[in-house]
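Asks:
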Amino acid sequence: MRKLCAVSSIAIRSAPPIAVPKVLQRALQLATLLLLAVANAAAQSDHADRAAPSVTVERDGDTYRVHASADLAAAPRVAWDTITDYERLPEFVPGVARSHVLSRTTSSAGERLVVDHAGVLRFLFFSRPVRVRLLVEQEPYTKVVARAGGADAAPAAGSTVRTFLGRYDLTVIRAGARAGVRITYAAEIVLTEPLPRWIGAWPIRQMMREQFEAMLNEIMRRQAARPAIEWSSEWKAAPAAANR
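Count along the sequence shown from 1, add 37, and you get the number used in our numbering.
This is the structure we're talking about:
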(Lines of atoms letter the chains of each structure in order from A and count residues from 1; the text may use other names and numbers.)
(Lines give C-alpha, C1' and ligand atoms only; values in the text may rest on other atoms or scores of the structure.)
Protein backbone atom coordinates (compact mmCIF):
# COMPACT_ATOMS: atom_id res chain seq x y z
CA MET A 1 0.00 0.00 0.00
CA ARG A 2 2.17 2.80 -1.20
CA LYS A 3 1.39 6.14 -2.72
CA LEU A 4 3.39 9.18 -3.78
CA CYS A 5 1.96 12.49 -2.55
CA ALA A 6 1.60 15.55 -4.78
CA VAL A 7 3.97 18.45 -4.42
CA SER A 8 2.58 21.36 -2.45
CA SER A 9 3.32 25.03 -2.56
CA ILE A 10 2.61 27.49 0.28
CA ALA A 11 2.43 31.23 -0.36
CA ILE A 12 2.81 33.67 2.50
CA ARG A 13 2.01 37.33 2.01
CA SER A 14 3.00 39.67 4.79
CA ALA A 15 2.75 43.39 5.32
CA PRO A 16 5.86 45.57 5.01
CA PRO A 17 8.05 45.28 8.11
CA ILE A 18 7.40 47.77 10.90
CA ALA A 19 10.20 49.00 13.15
CA VAL A 20 9.63 47.72 16.68
CA PRO A 21 11.56 49.07 19.70
CA LYS A 22 13.96 46.51 21.20
CA VAL A 23 12.28 46.75 24.61
CA LEU A 24 8.94 45.83 23.04
CA GLN A 25 10.57 43.00 21.08
CA ARG A 26 11.99 41.51 24.30
CA ALA A 27 8.63 41.85 26.05
CA LEU A 28 6.92 40.04 23.19
CA GLN A 29 9.53 37.29 23.27
CA LEU A 30 9.04 36.79 27.01
CA ALA A 31 5.26 36.76 26.65
CA THR A 32 5.56 34.21 23.84
CA LEU A 33 7.72 31.89 25.94
CA LEU A 34 5.34 32.11 28.89
CA LEU A 35 2.28 31.37 26.75
CA LEU A 36 4.00 28.42 25.11
CA ALA A 37 5.01 26.98 28.48
CA VAL A 38 1.43 27.22 29.74
CA ALA A 39 0.06 25.64 26.56
CA ASN A 40 2.58 22.80 26.74
CA ALA A 41 1.74 22.06 30.39
CA ALA A 42 -1.98 22.04 29.59
CA ALA A 43 -1.46 19.66 26.68
CA GLN A 44 0.51 17.25 28.86
CA SER A 45 -2.23 17.34 31.47
CA ASP A 46 -4.98 16.74 28.90
CA HIS A 47 -3.21 13.64 27.57
CA ALA A 48 -1.91 12.25 30.85
CA ASP A 49 -4.19 9.21 30.46
CA ARG A 50 -2.54 8.06 27.23
CA ALA A 51 0.89 7.92 25.65
CA ALA A 52 1.45 10.98 23.48
CA PRO A 53 3.00 10.59 20.03
CA SER A 54 6.56 11.73 19.51
CA VAL A 55 6.72 15.00 17.55
CA THR A 56 9.90 17.07 17.23
CA VAL A 57 10.72 20.05 15.03
CA GLU A 58 14.16 21.61 14.68
CA ARG A 59 15.03 24.83 12.91
CA ASP A 60 18.32 25.09 11.03
CA GLY A 61 18.50 28.54 9.50
CA ASP A 62 15.40 28.76 7.31
CA THR A 63 14.88 24.97 7.18
CA TYR A 64 12.46 23.16 9.50
CA ARG A 65 13.02 19.44 10.07
CA VAL A 66 10.06 17.47 11.39
CA HIS A 67 10.06 13.98 12.92
CA ALA A 68 6.93 12.30 14.29
CA SER A 69 5.96 8.75 15.19
CA ALA A 70 3.22 6.78 16.92
CA ASP A 71 2.18 3.16 17.50
CA LEU A 72 -1.54 2.50 17.14
CA ALA A 73 -3.77 -0.50 17.83
CA ALA A 74 -5.38 0.06 14.43
CA ALA A 75 -5.41 -1.95 11.23
CA PRO A 76 -2.66 -0.75 8.86
CA ARG A 77 -5.24 -0.46 6.07
CA VAL A 78 -7.34 1.94 8.16
CA ALA A 79 -4.27 4.11 8.80
CA TRP A 80 -3.38 4.11 5.11
CA ASP A 81 -6.88 4.99 3.95
CA THR A 82 -7.00 7.90 6.42
CA ILE A 83 -3.59 9.36 5.57
CA THR A 84 -4.35 9.24 1.83
CA ASP A 85 -7.91 10.60 2.11
CA TYR A 86 -6.77 13.96 0.72
CA GLU A 87 -10.13 15.41 -0.25
CA ARG A 88 -11.49 14.97 3.29
CA LEU A 89 -8.46 16.29 5.19
CA PRO A 90 -10.19 19.64 5.91
CA GLU A 91 -12.84 17.72 7.86
CA PHE A 92 -10.47 16.41 10.52
CA VAL A 93 -7.07 18.14 10.24
CA PRO A 94 -6.87 21.66 11.79
CA GLY A 95 -5.37 24.38 9.64
CA VAL A 96 -6.28 22.66 6.35
CA ALA A 97 -8.81 24.69 4.36
CA ARG A 98 -8.63 22.80 1.06
CA SER A 99 -6.99 19.64 -0.27
CA HIS A 100 -7.88 18.81 -3.86
CA VAL A 101 -6.51 16.03 -6.06
CA LEU A 102 -5.80 17.57 -9.48
CA SER A 103 -4.59 14.39 -11.17
CA ARG A 104 -3.96 10.72 -10.42
CA THR A 105 -2.08 8.07 -12.40
CA THR A 106 -1.70 4.42 -11.45
CA SER A 107 1.04 1.93 -12.32
CA SER A 108 2.28 -1.42 -11.05
CA ALA A 109 4.57 0.45 -8.63
CA GLY A 110 1.82 2.54 -7.06
CA GLU A 111 0.17 5.89 -7.68
CA ARG A 112 1.29 9.40 -8.55
CA LEU A 113 -0.90 12.36 -7.69
CA VAL A 114 -0.84 16.13 -7.87
CA VAL A 115 -2.55 17.69 -4.85
CA ASP A 116 -3.41 21.35 -4.40
CA HIS A 117 -3.26 22.18 -0.70
CA ALA A 118 -4.28 25.37 1.12
CA GLY A 119 -4.56 26.29 4.78
CA VAL A 120 -3.31 28.66 7.42
CA LEU A 121 -0.42 28.76 9.86
CA ARG A 122 -1.57 30.32 13.15
CA PHE A 123 0.73 31.31 15.98
CA LEU A 124 -0.30 33.45 18.95
CA PHE A 125 -1.20 36.88 17.54
CA PHE A 126 -0.64 36.33 13.84
CA SER A 127 -1.47 33.94 11.02
CA ARG A 128 -0.19 33.30 7.54
CA PRO A 129 -1.97 31.69 4.61
CA VAL A 130 -0.42 28.49 3.31
CA ARG A 131 -0.64 27.23 -0.22
CA VAL A 132 1.36 24.50 -1.90
CA ARG A 133 1.03 22.12 -4.83
CA LEU A 134 2.41 18.68 -4.05
CA LEU A 135 3.66 15.88 -6.22
CA VAL A 136 2.72 12.74 -4.30
CA GLU A 137 3.97 9.19 -4.89
CA GLN A 138 2.26 6.37 -3.04
CA GLU A 139 3.30 2.76 -2.55
CA PRO A 140 0.12 1.16 -1.23
CA TYR A 141 -0.03 0.50 2.50
CA THR A 142 3.62 1.29 3.22
CA LYS A 143 4.85 4.67 1.99
CA VAL A 144 3.68 8.14 0.92
CA VAL A 145 6.17 10.73 -0.34
CA ALA A 146 5.22 14.34 -1.13
CA ARG A 147 7.45 16.92 -2.78
CA ALA A 148 7.27 20.59 -3.74
CA GLY A 149 9.88 22.93 -5.17
CA GLY A 150 13.51 21.92 -4.84
CA ALA A 151 16.59 22.32 -7.01
CA ASP A 152 14.88 21.04 -10.17
CA ALA A 153 11.44 22.59 -9.69
CA ALA A 154 10.48 26.17 -8.90
CA PRO A 155 7.62 26.74 -6.41
CA ALA A 156 4.17 26.95 -7.96
CA ALA A 157 2.80 30.45 -8.50
CA GLY A 158 1.48 31.87 -5.25
CA SER A 159 3.18 29.22 -3.14
CA THR A 160 4.25 30.12 0.39
CA VAL A 161 6.59 27.13 0.55
CA ARG A 162 9.91 27.26 -1.30
CA THR A 163 10.69 23.58 -0.83
CA PHE A 164 8.94 20.68 0.85
CA LEU A 165 9.78 17.00 1.21
CA GLY A 166 7.56 14.87 3.44
CA ARG A 167 7.30 11.12 3.93
CA TYR A 168 4.96 8.76 5.77
CA ASP A 169 6.09 5.18 6.47
CA LEU A 170 3.69 2.54 7.79
CA THR A 171 4.92 -0.67 9.44
CA VAL A 172 2.83 -3.57 10.71
CA ILE A 173 3.47 -4.19 14.42
CA ARG A 174 2.00 -6.33 17.17
CA ALA A 175 -0.43 -4.51 19.48
CA GLY A 176 -1.32 -7.10 22.11
CA ALA A 177 -3.29 -9.82 20.33
CA ARG A 178 -3.91 -7.55 17.35
CA ALA A 179 -2.06 -6.36 14.31
CA GLY A 180 -1.30 -2.67 14.78
CA VAL A 181 0.61 -0.06 12.85
CA ARG A 182 3.65 2.14 13.48
CA ILE A 183 3.39 5.47 11.70
CA THR A 184 6.51 7.55 11.16
CA TYR A 185 6.64 10.93 9.47
CA ALA A 186 9.60 13.05 8.43
CA ALA A 187 9.66 16.35 6.56
CA GLU A 188 11.89 19.25 5.56
CA ILE A 189 10.19 22.60 4.98
CA VAL A 190 11.53 25.93 3.73
CA LEU A 191 9.09 28.86 3.55
CA THR A 192 9.27 31.48 0.81
CA GLU A 193 9.27 34.17 3.53
CA PRO A 194 11.09 32.91 6.66
CA LEU A 195 9.57 33.55 10.07
CA PRO A 196 11.51 35.87 12.43
CA ARG A 197 14.52 34.08 13.94
CA TRP A 198 13.47 34.81 17.54
CA ILE A 199 10.29 32.77 17.04
CA GLY A 200 12.38 29.67 16.45
CA ALA A 201 10.55 26.43 15.56
CA TRP A 202 7.47 26.98 17.78
CA PRO A 203 4.89 27.82 15.08
CA ILE A 204 5.79 24.82 12.94
CA ARG A 205 6.06 22.54 15.98
CA GLN A 206 2.63 23.60 17.23
CA MET A 207 1.03 23.12 13.81
CA MET A 208 2.67 19.72 13.18
CA ARG A 209 1.72 18.35 16.60
CA GLU A 210 -1.91 19.45 16.22
CA GLN A 211 -2.17 18.00 12.72
CA PHE A 212 -0.41 14.73 13.53
CA GLU A 213 -2.54 14.13 16.61
CA ALA A 214 -5.69 14.95 14.63
CA MET A 215 -4.67 12.38 12.01
CA LEU A 216 -4.14 9.74 14.73
CA ASN A 217 -7.51 10.55 16.33
CA GLU A 218 -9.27 10.11 12.98
CA ILE A 219 -7.54 6.78 12.39
CA MET A 220 -8.73 5.50 15.78
CA ARG A 221 -12.24 6.85 15.17
CA ARG A 222 -12.45 4.92 11.92
CA GLN A 223 -10.93 1.83 13.51
CA ALA A 224 -13.64 1.83 16.20
CA ALA A 225 -16.20 1.09 13.48
CA ARG A 226 -14.28 -1.88 12.10
CA PRO A 227 -13.25 -5.27 13.49
CA ALA A 228 -9.67 -5.64 14.68
CA ILE A 229 -7.21 -7.89 12.84
CA GLU A 230 -5.76 -10.67 14.98
CA TRP A 231 -1.97 -10.75 15.15
CA SER A 232 -0.16 -13.48 13.25
CA SER A 233 3.56 -14.16 12.96
CA GLU A 234 2.95 -14.28 9.20
CA TRP A 235 2.76 -10.48 9.16
CA LYS A 236 6.53 -10.29 9.72
CA ALA A 237 7.22 -12.17 6.51
CA ALA A 238 4.31 -10.76 4.50
CA PRO A 239 3.10 -7.47 6.05
CA ALA A 240 0.87 -6.72 3.06
CA ALA A 241 -1.44 -9.52 4.21
CA ALA A 242 -2.49 -7.42 7.20
CA ASN A 243 -3.99 -4.88 4.80
CA ARG A 244 -6.40 -7.20 3.04
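Just so you know, even glycine gets a beta-carbon here, dropped at the ideal spot from N, CA and C. A quick note: this is a predicted structure, and the numbers were derived from the prediction, not measured.
Can you tell me which of Ala-134, Val-133 and Val-151 puts its alpha carbon nearest to the alpha carbon of Arg-141?
Replies: Mapped onto the sequence shown, residue 141 falls at position 104. Looking at the Cα atoms, Val-151 is the closest of the given residues.
Asks: Please return the same chain residues whose Cβ sits closer than 7 Å to the Cβ of Ile-120, not counting the five positions on each side in sequence.
Replies: As a first step, residue 120 is located in the sequence shown; it is residue number 83 there, counting from the start. Closer than 7 Å at the Cβ level, and outside the excluded window around Ile-120, lie Val-181, Tyr-205 and Met-252.
Asks: Does the beta-carbon of Ala-146 have 16 or more other beta-carbons within 10 angstroms, so that it is buried, or is it exposed?
Replies: Translated into positions along the sequence shown, residue 146 becomes position 109. Exposed is the call here.
Asks: Between Tyr-222 and the rest of its own chain, which residues show a CB-CB distance below 6 Å, the 5 nearest in sequence each way excluded?
Replies: What you label residue 222 is simply residue 185 of the sequence shown in a count that begins at 1. Around Tyr-222: Ala-105 and Tyr-205.
Asks: The alpha helix (DSSP H) with Ala-251 in it runs from where to where?
Replies: Sequence index remark: in the sequence shown, residue 251 carries index 214 (1-based). 239-260 is the span of the alpha helix (DSSP H), which, as asked, contains Ala-251.
Asks: Buried or exposed: Thr-197, going by 16 or more other Cβ atoms within 10 Å of its Cβ?
Replies: Within the sequence shown, the letter at position 160 stands for residue 197. Thr-197 is buried by the Cβ-count criterion.
Asks: Please determine, among Ala-261, Ala-183, Ala-265 and Glu-255, the residue with the shortest C-alpha to C-alpha distance to Pro-131.
Replies: The residue you call residue 131 lines up with position 94 of the sequence shown. Closest option to Pro-131, Cα to Cα, is Glu-255.
Asks: Bridge partners of Ser-164, per DSSP?
Replies: To locate residue 164, count along the sequence shown from 1; it is residue 127. Its beta-bridge partners are Arg-159.
Asks: Report the three-state DSSP secondary structure of Ala-76 (helix, strand or coil).
Replies: Position 39 of the sequence shown, counting from 1, holds the residue named residue 76. At Ala-76, the pLDDT of 47 sits below 50, so the modelled position is not reliable and the matter cannot be decided from this model.
Asks: Under three-state DSSP, which class holds Thr-229?
Replies: Mapped onto the sequence shown, residue 229 falls at position 192. Thr-229 falls in the coil class under three-state DSSP.
Asks: If we ignore side chains and look at the alpha-carbon of each, how far apart do Arg-242 and Pro-231 end up?
Replies: One-based indexing of the sequence shown puts residue 242 at position 205. One-based indexing of the sequence shown puts residue 231 at position 194. Each residue's alpha carbon lies about 15 Å from the other.
Asks: Which residue marks the beginning of the beta strand (DSSP E) containing Val-103, and which one marks its end?
Replies: As a position in the sequence shown, residue 103 is number 66, starting the count at 1. Start and end: 100-109.
Asks: Given that a residue counts as buried once 16 or more other Cβ atoms are within 10 Å of its Cβ, and exposed if not, what is Arg-168?
Replies: Walking along the sequence shown from the start, residue 168 turns up at place 131. With 16 or more other Cβ atoms within 10 Å, it is buried.
Asks: Rounding to the nearest angstrom, what Cα-Cα distance links Arg-219 and Tyr-123 in this structure?
Replies: For the purposes of this step, residue 219 is taken as residue 182 along the sequence shown, with counting starting at 1. For the purposes of this step, residue 123 is taken as residue 86 along the sequence shown, with counting starting at 1. The alpha-carbon atoms of Arg-219 and Tyr-123 are separated by roughly 20 Å.
Asks: Any idea what DSSP makes of Arg-263, helix, strand or coil?
Replies: Locating residue 263 in the sequence shown gives position 226, counting from the first residue. Coil at Arg-263, not helix or strand.
Asks: Give the secondary structure of Tyr-205 by DSSP, where H, G and I count as helix, E and B as strand, and everything else as coil.
Replies: To locate residue 205, count along the sequence shown from 1; it is residue 168. Here Tyr-205 sits in strand by DSSP.
Asks: Grab the span of the beta strand (DSSP E) containing Arg-96 for me, first residue to last.
Replies: Translated into the one-based positions of the sequence shown, residue 96 becomes position 59. Run containing Arg-96: 91-97, per the beta strand (DSSP E) assignment.
Asks: Give the DSSP bridge partners of Val-198, in chain order.
Replies: Residue numbering aside, residue 198 sits at position 161 when the sequence shown is read from its first letter. Answer is Leu-228.
Asks: By how many angstroms is the C-alpha of Ala-216 removed from the C-alpha of Ala-107?
Replies: Within the sequence shown, residue 107 is the residue found at index 70, counting from 1. Within the sequence shown, residue 216 is the residue found at index 179, counting from 1. If I take the Cα positions, the gap works out to 14 Å.
Asks: Looking at the secondary structure, which residues open and close the beta strand (DSSP E) in which Val-181 lies?
Replies: If you number the sequence shown from 1, residue 181 lands on position 144. Residues 180-186.
Asks: Only counting the same chain, and skipping five residues up and downstream in sequence, which positions put a Cβ closer than 6 Å to that of His-137?
Replies: Taking the first residue of the sequence shown as 1, we reach residue 137 at position 100. Answer for His-137: Asp-153, listed in chain order.
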